[in-house]
Every structure is written in structure tokens, then in C-alpha cells.
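Right, one structure below, let's go through it.
Residue numbers (the working numbering): 6 to 423.
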């Protein structure tokens, strides 16, 4: 029995999460997807020697977003997915701690203009703000809203930030003030309660929008920005409101310590929400410039202390959103070459994704994503019975079949426990 426990304790797995990996056939790629068009000898070998299949990250017909698609792979139970909102995730990524009763929002620094009793959104990203974002964030770092409620704002990346309300009697059932992508300028939407218990909080959000505008509109940096031909930073818009809640994680239940190698603030925040050990180093970015071999080396080194190590890679999703299927194909080939770092690591390799992103439309879809799981003792097998290549079409006939994201996580945990 002791030998069995020791053997289980020493099993390891690296889970590569390629954001938005799945795709649709692309005319410019001969009606292949970017993954199918890519030259991927290492992924093909892993798929053939191991097990592959298709995964619906949430469930069939459901269009996932990043935080729920990745959250399921981190151990989020499907029944709790609607409780996991983007606001608390962004707050965790920004280093803002949440206490019971707090409400968190995903927020943008934006360019707002007065329009009657409300506001008009000239640019919901304020020209993406860039280098002086921390100075604007500092001006609204903490705003007292009365009745014991305080608003804390932190910037994360470019125009992005997180906003946390703390105080008594707050509710998180709130509409977005962010109008979303579309033609600009457009009216700023007032925050509305989605439940009677959140009515007072909705009023506080609208009050905060007013006060943040008054503070930012007179910020001295705006004069310089406008002189330089940049948009002024004159407001904050919000979306993804959510509250702190008790997370019922599969990994916690099974007492499996896990780590996350990451360059994306949002996914780093998600990892903190799930209690993962976060590994970040210079060069780990959330775009195509990320140090792929550096991330995989960090994952390999982290296996000494954690049996389960996730590596999140964002660029595949960005190429699809930017309608660049050829760039996505080429990046996948770069990743395949980088996988040499994990050879002889003694760990299983799993590859997963949070959702499909269609490079034809730039949008997330409900299509399943290709996945694989290969144990180290089968890496050199010529043919394990699964398809000889790794792609959306080939994975339809994989031995894993078609399952949901929770089911695929259980396959990984079953390997660790076997």
C-alpha cells in the first residue's frame, strides 16, 4: 500500500491551455483550420501515442468565455459556473483582495463626455491609454461613496482595470455600464439593478461614474495627452459585476496542489481565485511575444513541487480575434517546436482549450475544442491507436470521445491517481 501511495505521489502532469485554440475551416488555408494547417510533429506524436478527443468546455451548444472555460479546467464545478463572474477574477489579478459582501467589477479607463444628465462614450478604451494609466488609476485609487462604502480601483494592463466596492448592504446583481463594442460615440448605459436587493448598489455605481469623471476630467495629464493627439482619460465604465463566494473546487476536494505558469493578468487572477501557485517571470506575456520555451521550462521546474502544472498561452485566441489565421497557424508551429523542453520531464502532457474562436468572424463559438492526454511511458509509441495527427477533424475519432471540460479534467486526475 505504501508503494502505491508513493507511486501516485510522484505522478505529474503538465496541462497546456491554448486560449481559443479551436477554429473553423479557413479558405486561405485550403479549408483547414489553423491547427490542421500547422506542421506539428510533436503534437501529432502525442495525439497518436496517447488519447485525444473533443471537449465542449461547458456543455454542448454553450458559447464559453475565458474565465468559465479555464475555470472548469482549474476545478470549477459546472453547477457553480454562473456564480463565477469576471469582476472578482479581474480584482484578484489586480491584487485587490475580496471579502464577503464585497462587489467587484471589470473596468475600463475610458473617454467620456457630458451629454445632458448623462454621458456619451467617445472611446471605451481611451485610445488604450498606454504608459500613463497608473497615474490616472492613482487619482481614483480609493473613493468614499458614503454610508461606509468605499470604491477601490487598480489598473491591470493598458486601459483595463478592476474596481471593488466594500461596505454594508451591497448587491452584485447589476447591469453593465459598458456599452460594448460598436459604433462610437454612444450613450453610456446607467447601471440598473437586476434584483431588488441590488438597487442601492446600482445607485452607488452611477454615483461612482459621476465622481470618477469629475476627478479624471481635471487630471493634469489630460492636457498633455490632448496636445500629443491622444484621447483624454475622463471616466470609468464597468461590467461583469460579481461577489465573493465559497468556491467548491475539485482540486481542493482531492487535495491536489497545482501551479499556474501565466502571463495574462485575467488568468493569473483566476488562478488566485482557485488557490493555484502563480509562476510569472519577465517575458511571460499575454500575446505572441511570450517566451514559450521559458514558460515550458518554468513548468518543468515547477513539477518538483506540484503534481499538476498548468501553462496558459493567450496568443492563439488573439490571432483569431484579429482575423489572422496564418499568424495563428505559425504560432502553433512555434509552440510545437518549444515542446522539446518537456521531453524527458517524466510528466504526462495534456493539451486543452477554453473555447473555440473563429478566425473568419473573430468571435467565440460553441464548437468543441480538440484535446489530448499522453502519459510519459507512451511518448515513444509509434501508434497508440488514436489518430496520427492532432486537429479538430482527426480528434472526432479519438479514444476520449466527446466530453465536457469537467470530464476532461477528471481524465487528467484519473491519470494522477492511477
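Every residue gets a Cβ at the ideal spot worked out from N, C-alpha and C, and that includes glycine.
Since this is a predicted model, take the numbers as computed values, not measurements.
Nearest-angstrom beta carbon gap, residue 18 and residue 353 [assumed within contact, 8 angstroms]:
4 angstroms
Of the listed residues 161, 65 and 136, nearest to residue 99 (C-alpha basis)
161
When you compare the CB positions of residue 45 and residue 348, do they come within less than 8 angstroms of one another, or not?
no
Is the CB-CB distance between residue 369 and residue 68 below 8 angstroms?
yes
Segment contact flag, the segment 85-97 with the segment 391-401, C-beta cutoff 8 angstroms, min 3 pairs
no
Helix, strand or coil: which one does DSSP assign to residue 337?
helix
Are there 16 or more other CB atoms within 10 angstroms of the CB of residue 135, so buried, or fewer, so exposed?
exposed
Mind checking which residues open and close the beta strand (DSSP E) that includes residue 94?
Taken as a continuous stretch (DSSP letters only), residue 94 belongs to no beta strand (DSSP E), being part of the alpha helix (DSSP H) at 91-98.
With residue 59 and residue 407 assumed to form a contact (beta carbons below 8 angstroms), what rounded beta-carbon distance in angstroms separates them?
5 angstroms
Backbone secondary structure at residue 70 - three-state DSSP
coil
Along the alpha helix (DSSP H) that carries residue 356, what are the first and last residues, could you check?
That residue, residue 356, is in no alpha helix (DSSP H); its beta strand (DSSP E) goes 353-357.
Output the distance between the C-alpha atoms of residue 34 and residue 256, rounded to the nearest integer angstrom.
40 angstroms
What first and last residue would you give for the beta strand (DSSP E) that runs through residue 283?
282-284
I'd like the ranges of any beta strand (DSSP E) spanning at least 3 consecutive residues and lying wholly in the segment 91-179.
108-120, 123-128, 147-151, 154-160 and 165-171
Taking C-alpha atoms, which residue in 127, 283, 252 and 261 lies nearest to residue 267?
283
Could you give the uninterrupted runs of the alpha helix (DSSP H) lying entirely in the segment 251-296, keeping only those of 4 residues or more?
255-258 and 270-278
Where the alpha helix (DSSP H) through residue 218 begins and ends:
204-222
Pick helix, strand or coil for residue 419, following the three-state DSSP scheme.
helix
What are the partner residues of residue 36, as DSSP defines its beta bridges?
DSSP lists no partner for residue 36.
Below 8 angstroms, how does it come out for the segment 169-185 and the segment 100-110: are there three or more Cβ pairs, yes or no?
yes
So the beta strand (DSSP E) residue 246 belongs to, where does it begin and stop?
240-248
According to the Cβ coordinates, are residue 292 and residue 319 closer than 8 angstroms?
yes
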